[in-house]
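To keep things clear, I will list the structure first and then write my remarks on it.
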Amino acid sequence: MLFDSHSHTVFSADSEMPAEEALRAARAKGLGIVFTEHCDYDYPAAGEETFLFDPEAYWAAYEPLRDAGLSLGVEMGMMESAREKNAAFIARVPFDFVLASIHFLRVKDLYHAEAYEGREKDEMYREYFSVMRAEIYAHPYIDALAHIDYIARNAPFENPEISYGTFAEEIDGVLRALVETETVIEINTRRLGTPRGIKELAPVYRRYREIGGRYVTIGSDAHVPTAVGAYFDRALALAHAFDLRVVTFRARKMQICEP
861 MLFDSHSHTV FSADSEMPAE EALRAARAKG LGIVFTEHCD YDYPAAGEET
911 FLFDPEAYWA AYEPLRDAGL SLGVEMGMME SAREKNAAFI ARVPFDFVLA
961 SIHFLRVKDL YHAEAYEGRE KDEMYREYFS VMRAEIYAHP YIDALAHIDY
1011 IARNAPFENP EISYGTFAEE IDGVLRALVE TETVIEINTR RLGTPRGIKE
1061 LAPVYRRYRE IGGRYVTIGS DAHVPTAVGA YFDRALALAH AFDLRVVTFR
1111 ARKMQICEP
């Protein structure tokens, strides 16, 4: 069974999706699903919602729903100041899957315009990938890296794409870190709805395969039921184009999703 290995329910500060609706949406598409609630320590916007949740309450609420089609995970925000706290957090309950991401740069949230103020794209993107590489090595307990292209979602630059041809050295550093730490890379479907999104990501997954990567998870990053399983056909085509096997995780062990 294929799994949507990246989704957010009411336990994430930015989602109101009920678990039952997420499960219903996944089953309607013949998919399993992994809940990956946000855990971002040291959230930089003072006075705003903290991107943390109570793992014990999460486990108590959802473990009765956990079956062959539902796994329980976390999306762990990687930041230097949070390394020890992240490790302690995932030890509190027996998560099936630990997905990791970079949401902040210089303690500013990449979702907001202020993170880009006074910055040049070239310098900022090189720093983004450099931080990502360092944090992969500093978080040896993660299973997969989410949305390598997250910065391109909200960047105000004329061309916000991660452009492998421009940032090949930095992206290669991230991909080598993944391979060396046996960490899987995600194909995030959020930007696969446009030909440009696919065009920009394809060289990244081709290079991942060349460097030695063999496995990918697929995740919609759904926060609403209609987004569950979005563009999975395109993600599968991308994985197959570069001979990458689609996997998910259960009890922190990799499971092959396709024969």
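To get our numbering, take the position in the sequence shown, counting from 1, and add 860.
Ideal Cβ positions, reconstructed from N, Cα and C, are used throughout, including at glycine.
Rounded to whole angstroms, the gap between the alpha carbons of residue 911 and residue 996 is 20 Å.
Residue 1015 is not a Cβ neighbour of residue 1052, given a cutoff of 9 Å.
When only Cα atoms are considered, residue 1013 and residue 992 end up about 16 Å apart. Annotated as proximal: residue 962 and residue 938, with beta-carbon spacing under 9 Å. Looking at the DSSP output, residue 928 bridges to nothing. Relative to the Cα of residue 1077, the nearest Cα in the group 979, 1022, 893, 1011 belongs to 893.
Taking C-alpha positions only, residue 976 is separated from residue 970 by approximately 8 Å. Excluding the 5 residues flanking it on each side, residue 929 has same chain C-beta neighbours closer than 6 Å at 892, in chain order. Of the residues 1113, 1097, 1057, 1109, the one whose Cα lies closest to the Cα of residue 896 is 1109. Residue pairing by DSSP places residue 896 opposite 933 in a beta bridge. Setting aside the 5 residues that flank it on each side, residue 1066 is surrounded in the same chain by 1102, each with a C-beta closer than 7 Å to its C-beta; the list follows chain order. By the Cβ rule, the region 1067-1074 counts as touching the region 1029-1041, because three or more pairs are nearer than 8 Å. For residue 949, the uninterrupted alpha helix (DSSP H) run begins and ends at 943-950, by DSSP.
Residues of the same chain with a CB within less than 7 Å of the CB of residue 1044, apart from the 5 flanking positions on each side, are 1003, 1004, 1075, 1076, 1077, 1107 in chain order.
Taking a 10 Å sphere around the C-beta of residue 924, we find fewer than 16 other C-beta atoms and assign the residue as exposed. A distance of 9 Å or more separates the beta carbons of residue 954 and residue 981. For residue 1054, the number of other beta carbons within 10 angstroms of its own is below 16, and it is reported as exposed. Residue 1048 and residue 1081 do touch by the CB rule: their CB atoms are close to 6 Å apart, below 8 Å.
Residue 1096 is positioned such that its CB atom lies no closer than 9 Å to that of residue 1068.
Contact annotation: residue 946 and residue 1010 have beta-carbon atoms that are not nearer than 9 Å. The beta-carbon distance between residue 1001 and residue 958, rounded to whole angstroms, is 6 Å. This is short enough to meet the 8 Å contact definition.
Residue environment: residue 990 is assigned as exposed (fewer than 16 neighbouring CB atoms within 10 Å of its CB, all protein chains considered).
In this structure residue 979 does not touch residue 1030 by the C-beta definition: roughly 16 Å separates them, more than the 8 Å allowed. In the displayed model, residue 1093 falls within a helix according to three-state DSSP. Considered as a whole, the region 988-1020 harbours 1011-1014 as its complete alpha helix (DSSP H) runs of no fewer than 4 residues, in chain order.
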